[in-house]
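Below is one structure, written out as structure tokens; the observations come after it.
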Amino acid sequence: QVQLVESGGGLVQPGGSLRLSCAASRSIFSDDDMGWFRQVPGKQRELVARFTSGGRIDYADPVKGRFSISRDNAKNTVYLQMTSLKPEDTAVYYCWLSDRSFHNYWGQGTQVTVSS
Numbered sequence: 145q146v147q148l149v150e151s152g153g154g155l156v157q158p159g160g161s162l163r164l165s166c167a168a169s170r171s172i173f174s175d176d177d178m179g180w181f182r183q184v185p186g187k188q189r190e191l192v193a194r195f196t197s198g199g200r201i202d203y204a205d206p207v208k209g210r211f212s213i214s215r216d217n218a219k220n221t222v223y224l225q226m227t228s229l230k231p232e233d234t235a236v237y238y239c240w241l242s243d244r245s246f247h248n249y250w251g252q253g254t255q256v257t258v259s260s
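Going by the working numbering, the sequence shown opens with residue 145, and the numbers climb by one from there.
As structure tokens, then:
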């Protein structure tokens, strides 16, 4: 079992920035996939950014060039730096981890609202 705890959401004006954090209850292993999804009411949860076990970093097209995913293995934490935020980035953001057995773990979600 892995617990994921997100923090850092909130209300921000268009063009602003936020940084989300996700702390895992255990070390992040090299064969874990880990990253961020987001979901708005009535729509499917969608990938935002992730580290893959193969060493790749993936970004969804709508966030490329604006969002950056990073990690601090010493703190078992993954971050999502979001810049140039747009109203369409408004969503609940979920931290996600998939382990070597393909078990998926999710955080409780953190609300990001981009509005003037």
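In this text, a Cβ means the ideal position worked out from N, Cα and C, and glycines have one as well.
Give the single residue among M226, S259, R200, Y237 whose Cα lies nearest to the Cα of V149.
Y237
Can you give me the Cβ contacts of V184 inside the same chain, cut-off strictly under 6 Å, excluding the 5 residues immediately before and after it?
A235
Could you check how far apart the C-beta atoms of Q146 and L229 are, in whole angstroms? I think they sit under 8 Å.
Sequence inspection shows Val at residue 146; the Gln mentioned does not correspond to that position. 28 Å between Cβ atoms; not a contact.
Excluding the 5 residues preceding and the 5 following R170 in the sequence, name in chain order all residues of the same chain whose CB lies nearer than 7 Å to its CB.
V146, N220
Quick check on the burial criterion: 16 or more other C-beta atoms within 10 angstroms. Buried or exposed for D175?
By the 10 Å Cβ count, D175 comes out exposed.
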